[in-house]
Each structure stands twice: as structure tokens, then as C-alpha cells.
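Q:
This is how it looks when you write it as C-alpha cells:
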């Protein structure tokens, strides 16, 4: 072609592009019929004239939210619809339309799209009588995953996705650090897309900026070939689609929900995303999955796409990897040659026709990559991009971008962890006696920050902070109507449920004191000690509450249930009060609590050892914010609260830490291993709380079905026995255990943050009270003083009573000691004895009241129980004293796992970890050890039974050899008549 003809051809073709937006190709789309039309979507059935009896399996294709449904039919010959039809399949396409052209389109949410897709699966199934192969590109594939999980794979034969990211934070475009992406997405969701939508041209421009090199190159190539119409025509439909015709608008609420759920919280992987107020997890998908992976895809990066293998552990997951970018997976020559033929062969194989297609293989569990890696090898990326970069001369820009990315990435750890921890610690340091802070006040703050964020999950339903705050305000009106005033002592006798937390928070909002009542035989005594004036109870505990003779206020179960209350009973059903008619009195001011004021009363021990502990607002805040800091709790966490509220771990660590961290709180109906298994995956539980041996029932149950890949990262609580600790780590690897000790007296909070020393209580949390050990004489039960009369501080390895230095808000509490280590100092004693090792870590020994004083010295229960509990055959262990003649014998009782008793050698080896003089005199196996209301193993009636009987499952400490031997009748006579004798000794 001569120069003149070339100029003329360029001008003619350019004019046509200007007038029509592109070159006229004469291509026609594939024929389709709209078989279902709603305000949300139009369902296209392609090639409707085909014989329904001869149609193959239905394949329903879902476009991304920002792209036209025509992405599957760009050209009749090379598009998805045409190729799949030619292979004998029945293609269907979902057309969501464009929000700017649909009535109410700008108000669409992500949930609207999932519910629509749920309906579509039912429509196509009813129309064809067959299960559906659901396919989606990019975000359309995410819709498919979410809809299949929502339906729990009902009527879904398989899922097929193309470049659909699941683990969105594993591989972000351009190597953006996770912390930066999360904070940016959070800001955009809360402050931008709640007011602004994305138009079609904005979507197009944004995606072109994701690959500017390719965009510039394609436009240069188009201009350079504008004279050659025949060369441009084959690619013209694809160019027009990607440059002009293929983009539609995004509604703001849908974008905000996408960012909040799947970027900020990454709940495609962890589970617990919310659809129609219901918690859903991809772990509920059971149908086969085929994921197409673009080897050079910078949007749906391979590592993010392969996240489906972790997110859906119960499904068979396959992948097909091809050298293509994001758009090339579904549009263009590569898609026509590889993608769509592979899809057709996959469907035929799943329908029982033919073998597994070549190129489709099982997806492996993604390996951890170094930070910044995305699953695409450097060689692959260089091979694909180096020529393109050279063409447009952007080497310098690329180098600057890489340098900036590495710089930001290097600050990731500091900007992530410190950004959460430092404000919390600073806040604790600023609390003064008159600082307004309370449980209700913290919830109000969280609601103000994000009223539409999820607060609770219960029975698969999700409640936002606004919902919970509204519920609490309603409960407040009911309580005020029933005579509850500030500073009143209100008993809480409820199971762990949302209504119990609402009751505690409502009492705090009024400024009254919650008395957390433990169920069981100590209820009446707890009511007396706590000075309870009224009891808030749930229907399950109503009879217990009425039996106390105190006015009962019933909360929980909703207004639809009826209560069987005897006539004349002093009970009010708060659920049936008409709160709209209740006027709040003039004295009411919400959240009046200040740091120094009493907020809660808790109880420790049982029977004769039952004691009441006072918890101020400052003490609650210290544990709550300290827990959130130590456990790195954030808005992406879902905390599964198993610990009961009447235990300090439940109130201070579980509920308090989750609230202070802004986490989502998941509650359940009691301790049920089968339900635990389901809800951990469905809710996306990342943190599980516990007390003492609570995890034992879960681990021992055959109903426990936790997949190898699970969302749990941490267990937090107090009192877990070391043997159970190890079993928990093994069963839930790679999760860790964070053991707390929170003194109910004073403000000492210890935490074993590293988890390296199993059984250790750790070190004082930053922001908590200063802790010291005062040397304790277990024989006299008194502190040891020096020559000047001051208490001697315990050296490393020495037994000491734990003391905490009080803050200004707690110096006036009863039990404060002054002039302990120096003139004028102030300390609050706890009830517990500890040892501190050379690393500065604290090890709990016993309560000062339960030390067993034997002739060979004091025996502390915790080290003995921990040592025996580390024997794999031992289940639970308690240590107690038995009086015989004129002395006391230390006895350890154990229950067994699988009824296999340890040998004398195993017992001896285990107790080698305990100092010789502190070992028990006798060890024996019992059929059952009682668990208290908080799952703490307790001796129960074992001390009253006296010395154990000589059997093949009882042993005594031989002081001559330092070993444990069979406990015989002859030895039993000596123990009963003469006493325990000298120290067991050491080998």
C-alpha cells in the first residue's frame, strides 16, 4: 500500500471509529431469550430454539459487577456462549444490567446479588430439571462461591471460576502491603462509598490503570494499524468491548460491602461473611470446584485465587493454569483455544462422560510465600512483561514503583501491630479515678465508629452494633421501669447468650453493679455476699431465680415466647413490656460509670472457700484493653465466647477483650462439640475463649470435625492444663494458646504471649499493675520480713505471694497493704502463690489457703497437677490433703484417657519436674473428677473419703529411692497410723 492510500485508509477508518466507536465488523451476537426478568437481573437462555431434550448440562455464567454480561459473547465464534453450545452444552448468562439504568440500582448491595443468584439457580434447575454448573469471571466467580456456600451446594453440580480471588490479602496488586490495603479499604467503605458510586467510565479507567503498560501498548498498536482494516477486524469486537462497551456502573453500597467483608476482614478465607443477615462460610461448599489461574494475572493473582483450597476444605478443588492476564482468561484467542474448551470438557467429565481433561489437576494447598510474592514466578512475569516494558520505555517508572513498594512494605509490621496496640496502651495510661469509662461506654464508642459493623453472631444470625445498642437501650427502659437505679446490685443469672451480655451492658449503662451469679449450690450464698436486690434471669434459669425469693426480671427468648409463671410470683417479663410507653426519669444519664466506681462482683471458689471479688470499671478496662493488645484483636477477628460470664475469663478476657478490640462476637448454645465444629467454619471464628478444662469435652468428642485448614488462630483464656494445652495445639495447628492470669484483687494481669512455656502464666501486660512477689512462709501462712520489718521480695525460683501496685482509682479498695517493701508504698495482695523464673516469667503454684502442709514440707497443687497432666494417658488431675493421725498427706488423683493407666516409672519421670520435697505422697486413679461451673477440676468429696485404697492403680512415694511404687496394704497401714514420714527424696 502506497503512502497516499495508507493515509486515506487511516482517515476513513479513523472517521468510522469516531462516528461509531469502532469499526463495523458485521458480527452478530448469539441468539438468546430472556426467560426471567426482575428489578435485579435478566436471565438469558442462549440458543433457545435448541431441542430441550437434547440440550446438555446447563452452565450458568455470572459476570463481574462492573462488567457487561456480553463478556461471555463478545464474538459468536470465539465467545464462551458459542463454544459451549458447539460442545453440546446449555449456556445461560446472568445480566445484572447497569445500576444507573435500573430502578433502585444505586441502592444495590452485595447481598442483593447473592440472593439474586440463589434464585437463578432455582429457576434454571426448575426449567431444566438438572443440577447447575455455575461459572463466574473475576468478581462473578466470587458471587458463585458465595451463592454456593449460601445454598450449601444444593442443586450446584460444580463451580467454575476465572481469576476469582479468594484470599484477597495474600496477593494484592502491585505488592501493596496488607496493612495499607486494609486501612484504605476500611476508610473507603465507611467514608466514600457510603456516599459515592462508581460509574462505568470510572470502572474502565480504574482497570486500565491496573495495567497501564498494556493499555498504552494496545492503543499504540491500534493507531499504527488503523490503515489495515483487515488486520484490525478480528480483534475489533474485543477492543470495543474492553475500551467502551463492556463496562457498567457499581452501586456504592455494594462496593462498600465488598471492601468491608472481603478486603478489610478477608472473610472469603476466614468465613463468617454475612448474606441476608446470615453468617456463611465457603467451608460449607461441598461440590467440585475448577479454578482457572492466570499465570501473569495481576488482578486475580495466583496466590489469591488458590486461596479457595484453604477456604473450601470439604470440596474437591481443581485448577487449570494458563499463561494469560486477567482479561485474557475469558476474552480473546487464548480463551477461545484453551479456557472454554477446557470448561466444556470439565462439564462433560463431571456429568460422567469422558476422562478428566488434560491440564486440569488437583489444586495443592498454597504454600506460604515470602512477603510480596503472589504465586507468579519471577521468570514467568519477566518473560511476559519485559518486551512490553521495552516498547513503551517505562523501565525507570517500574524501578521507582518497585522501590516505593518495598519501602512501604518494610514498615508493615510497625504500622499494623503498633497502630492497634499503642493507642490502647496510651488510653490505659491516661485513665484517672474520675475518667468516664465502662463496659457500656466502650460499646457506645464502637457503635459510634461503625453502627453497621457486625457485633454479634448467634444462631446463624448477625446483629450490628446499631441493633445491639438499640436492644440495650430497650432493656435499660425495662430495668428503670422495674426500679433499677444507679449503684444498685443487680444479680445476673443467665446462660452465655446475647441477652446475658445485653443485660450486663444495660446494668452498666444505668450505672448499677452487675453481680455475676454462678449457678449451682453456692447461689444463695453468692446472693447474700453480693447484696443482690433484683435478679435478671433467662427462661432457663427462672425457677432457680424464683426459688431465691428475690424479684426476678426475665430477659431472653424474644416476645414470641410465653412463660409459665405461677400467679403471685415476683417476676416481670421484660420482653413483654411496652417500652414505647416508658419515660426515662430525669436522673438517668447513659454510661455514667467512672474508673474508680464498682462495676461488677465476681465469685471465686466454692462451698466454704467461696469469696466475692470486686471489679471496678478501671479493672475491667485494664483486662479488656490488655487482652485486645496481647491477642492483637482487631475488627477482622471473630471471637467465639465459650467462657461463662460469671467467670473472670468470660467477663474480663472474652467479652471485654472482644469489645475493646472491636471484634465480632460469636455465641453458641452451651458446649456442644458438633455445633462447635460447624460454627467455627461458618462464622469464621479466629479466636476461641476457654476456661480451665473446657476444651477437653470438645477434643474428646467423636463429633468434632475440624478440617486440616481452619480459621482459628488463637485460643485465649485461663487455667488450661498443660496436657490439654498440647492436645489443643496438635489438633488445631497452627493455632496458638494465649494463657492469661487476671487477679480479681488488684490490677495484675499476666499473659503468656509467646506460648513457648506451656503452663506458664507469663509476664505482666504493659499497662497493667506493677507486680512483685513477697516471700511467703507456707508453714506459718505469713509474709517473711527482714531485720528492718519490711517484707522481703522473693528471689528468682523462690515462693512468693503475688502483689500488685494499685492505681489511683483503686488505692481506696479494702485489703490494701502499705509500707510493704519501703516506706509509703501501696500494694494489693492476691490470694495466689507464684514462682518467677530467671527469664522473668511467673508460674502459679497454689492459693495460699490450699497449700498442703506435710512433714516433708509444703506441697503446691498446681505444679503437681501440671506434671501429671503431661503424661499422655492422664486426663484430669487434682491435688488435695488428707488428715491422718497427727499429720497431713498430699494426695494426687487422676482420671485416665482411654482407661490406660500410667506405670510407676511414668509417674516418677513426670514428677521429676517437681522439687523432691514438694511431690505428693500418694498418686491414685479415680473414675471421675468433678468439674466446677467454670470447668475447673475440683477435689469434690475426695478428701472426705480419706486415703486411697491400695490397688494396682495407686502408688506411693518411696523416700529411700525417690521413686513411686505400688501402694500396698502394708504401706497403707503405715500412712494411716504413723503419717507420711520423711520427704519423698530425689533419685
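Residue numbers (the numbering used here): -1 to 985.
Ideal Cβ positions, reconstructed from N, Cα and C, are used throughout, including at glycine.
1. Based on the DSSP secondary-structure assignment, which residues constitute the bridge partners of residue 639?
2. Just to confirm my understanding: we take residue 928, look at its own chain, exclude 5 residues before and 5 after, and list those with CB closer than 6 Å. What are they?
3. Leaving out five residues before and five after residue 275 in sequence, what residues of the same chain have Cβ atoms less than 7 Å from its Cβ?
4. Rounding to the nearest angstrom, what Cα-Cα distance links residue 756 and residue 901 in this structure?
5. Helix, strand or coil, according to DSSP, for residue 967 in the structure here?
6. Quick one: which unbroken beta strand (DSSP E) runs of 3-plus residues sit fully inside the segment 502 to 554? Chain order, please.
7. Could you tell me the boundaries of the beta strand (DSSP E) in which residue 131 lies?
8. Express the C-alpha separation of residue 618 and residue 441 in angstroms, rounding to a whole number.
9. Give the DSSP-derived three-state secondary structure of residue 585 in the structure shown.
10. In the DSSP assignment, find the alpha helix (DSSP H) that holds residue 726 and state where it starts and stops.
11. Note down the Cα distance separating residue 85 from residue 281, rounded to an integer number of angstroms.
12. When we look at the beta-carbon of residue 409 and count the other beta-carbons within 10 Å, is it buried (16 or more) or exposed?
13. Could you give the uninterrupted runs of the alpha helix (DSSP H) lying entirely in the segment 442 to 514, keeping only those of 4 residues or more?
14. Would you report the Cα separation of residue 436 and residue 591, rounded to the nearest angstrom?
15. Confirm, please, whether the CB-CB distance from residue 92 to residue 41 is below 8 Å.
16. Which runs of the alpha helix (DSSP H) spanning at least 4 residues fall entirely within the segment 871 to 933, listed in chain order?
17. Apart from the five residues on each side of it in sequence, which residues of its chain come closer than 7 Å, Cβ to Cβ, to residue 503?
18. For the alpha helix (DSSP H) containing residue 339, list its first residue and its last residue.
19. On the DSSP bridge list, what partners appear for residue 85?
20. Inspect the CB distances between the segment 722 to 740 and the segment 812 to 822 and report whether three or more fall short of 8 Å.
21. In angstroms, rounded to a whole number, what distance separates the CA positions of residue 872 and residue 905?
22. Smallest Cα separation from residue 476: which of 575, 255, 455?
23. Quick check: the Cα distance between residue 594 and residue 249, rounded to an integer number of angstroms?
24. Whose C-beta lies closer than 8 Å to the C-beta of residue 844 among residues of the same chain, with five residues either side of it excluded?
25. Please report how far the alpha carbon of residue 473 lies from the alpha carbon of residue 467, in whole angstroms.
26. One question on the structure: do residue 646 and residue 715 come within less than 8 Å of each other, judged by their Cβ atoms?
27. Within the chosen definition, does the segment 647 to 667 reach the segment 625 to 639 through at least 3 CB pairs nearer than 8 Å?
28. My assumption, with CB atoms under 8 Å, is that residue 488 sits in contact with residue 511. Please give the rounded CB distance.
29. Compare the C-alpha of residue 986 against each of 254, 36, 137 and name the closest.
30. Secondary structure at residue 306, three-state DSSP: helix, strand or coil?
31. Taking the CB atoms as reference points, tell me whether residue 81 and residue 334 lie closer together than 8 Å.
32. My parser needs the alpha helix (DSSP H) runs of 4 or more residues fully inside the segment 649 to 676; what are they?
33. Just verifying my parser: in three-state terms, what is the DSSP assignment at residue 571?
34. Using 8 Å as the cut-off, can you tell me whether the segment 306 to 320 makes contact with the segment 287 to 294, which would need three or more C-beta pairs spanning the two stretches below that distance?
35. If you reduce the DSSP assignment to three classes, tell me which class residue 848 lands in.
36. Closer than 8 Å by C-beta to residue 605: which residues in its own chain qualify, once you throw out the five before and the five after it? Chain order, please.
A: Concretely, from the data shown:
1. Counting from 1 along the chain shown, the entry for residue 639 is found at position 641. BP columns for residue 639 are empty, so no partner.
2. Start at 1 with the first residue of the chain shown, and residue 928 comes out as number 930. The answer, listed in chain order, is 936, 938.
3. Position 277 of the chain shown holds residue 275. Contacts found: 459, 460.
4. Counting from 1 along the chain shown, the entry for residue 756 is found at position 758. Counting from 1 along the chain shown, the entry for residue 901 is found at position 903. Taking the straight line from one Cα to the other gives about 24 Å.
5. To locate residue 967, count along the chain shown from 1; it is residue 969. DSSP places residue 967 within a helical segment (H, G or I) once states are collapsed to three.
6. The segment 502 to 554 contains these whole beta strand (DSSP E) runs: 511 to 514, 532 to 535, 550 to 552.
7. Position 133 of the chain shown, counted from the first residue, corresponds to residue 131. If you look at residue 131, you'll find it in the beta strand (DSSP E) that goes 130 to 135.
8. Position 443 of the chain shown, counted from the start, is the residue given in the question as residue 441. Position 620 of the chain shown, counted from the start, is the residue given in the question as residue 618. Straight-line Cα distance between these residues: approximately 13 Å.
9. Counted from its first residue, the chain shown places residue 585 at position 587. Under the three-state reduction of DSSP, residue 585 is assigned to coil, being neither helix nor strand.
10. On the chain shown, residue 726 is found 728 positions in, with the first residue counted as 1. Per DSSP, residue 726 belongs to the alpha helix (DSSP H) from 720 to 729.
11. The residue given as residue 85 occupies position 87 in the chain shown. The residue given as residue 281 occupies position 283 in the chain shown. For residue 85 and residue 281, the distance between alpha carbons rounds to 32 Å.
12. Stepping through the chain shown from its first residue, residue 409 is reached at position 411. With a pLDDT of only 39 at residue 409, under the threshold of 50, the placement of this residue in the model should not be trusted; the figure read from the coordinates follows. Flag for residue 409 reads exposed.
13. Qualifying alpha helix (DSSP H) stretches, in chain order: 463 to 479, 496 to 508.
14. Here residue 436 refers to the residue found at position 438 of the chain shown. Here residue 591 refers to the residue found at position 593 of the chain shown. Roughly 5 Å separates the two Cα atoms.
15. For the purposes of this step, residue 41 is taken as the residue at position 43 of the chain shown. For the purposes of this step, residue 92 is taken as the residue at position 94 of the chain shown. Their beta carbons are under 8 Å apart, which means residue 41 touches residue 92 by this criterion.
16. As far as the segment 871 to 933 is concerned, its whole alpha helix (DSSP H) runs of at least 4 residues are 902 to 909.
17. In the chain shown, counting from the first residue as 1, residue 503 sits at position 505. Once the five neighbours on either side are set aside, the close Cβ partners of residue 503 are 437, 438, 441, 470.
18. Looking up residue 339 in the chain shown gives position 341. Element bounds for residue 339: 338 to 348.
19. Here the question's residue 85 lines up with position 87 in the chain shown. Beta-bridge pairing links residue 85 to no other residue.
20. Not touching, per the Cβ criterion.
21. Your numbering for residue 872 matches position 874 in the chain shown. Your numbering for residue 905 matches position 907 in the chain shown. Roughly 10 Å separates the two Cα atoms.
22. Indexing the chain shown from 1 puts residue 476 at position 478. Measuring from the Cα of residue 476, the nearest candidate turns out to be 575.
23. The residue you call residue 594 lines up with position 596 of the chain shown. The residue you call residue 249 lines up with position 251 of the chain shown. One C-alpha to the other measures close to 48 Å.
24. If you number the chain shown from 1, residue 844 lands on position 846. Once the five neighbours on either side are set aside, the close Cβ partners of residue 844 are 830, 831, 858, 859, 860.
25. Working through the chain shown from its first residue, we reach residue 473 at position 475. Working through the chain shown from its first residue, we reach residue 467 at position 469. Rounded to the nearest angstrom, the two C-alpha atoms are 10 Å apart.
26. As a working note, residue 646 is residue 648 in the chain shown. As a working note, residue 715 is residue 717 in the chain shown. Their beta carbons are not under 8 Å apart, which means residue 646 does not touch residue 715 by this criterion.
27. A contact exists between the segment 647 to 667 and the segment 625 to 639.
28. On the chain shown, residue 488 is found 490 positions in, with the first residue counted as 1. On the chain shown, residue 511 is found 513 positions in, with the first residue counted as 1. Residue 488 to residue 511, Cβ: 7 Å. Contact.
29. Nothing about residue 986 can be read from this structure; the chain reaches only from -1 to 985.
30. Translated into the one-based positions of the chain shown, residue 306 becomes position 308. Looking at residue 306 - three-state DSSP - the assignment turns out to be helix.
31. Translated into the one-based positions of the chain shown, residue 81 becomes position 83. Translated into the one-based positions of the chain shown, residue 334 becomes position 336. Taking 8 Å as the Cβ cut-off, residue 81 and residue 334 qualify as a contacting pair.
32. The qualifying runs are 654 to 659.
33. Here residue 571 corresponds to residue number 573 of the chain shown, with the count starting at 1. Annotated three-state conformation of residue 571 is strand, per DSSP.
34. With a cut-off of 8 Å, the segment 287 to 294 and the segment 306 to 320 count as touching, because enough Cβ pairs lie within range.
35. What you label residue 848 is simply residue 850 of the chain shown in a count that begins at 1. In the structure shown, residue 848 adopts coil according to DSSP, grouped into three states.
36. Residue numbering aside, residue 605 sits at position 607 when the chain shown is read from its first letter. The answer, listed in chain order, is 519, 520.
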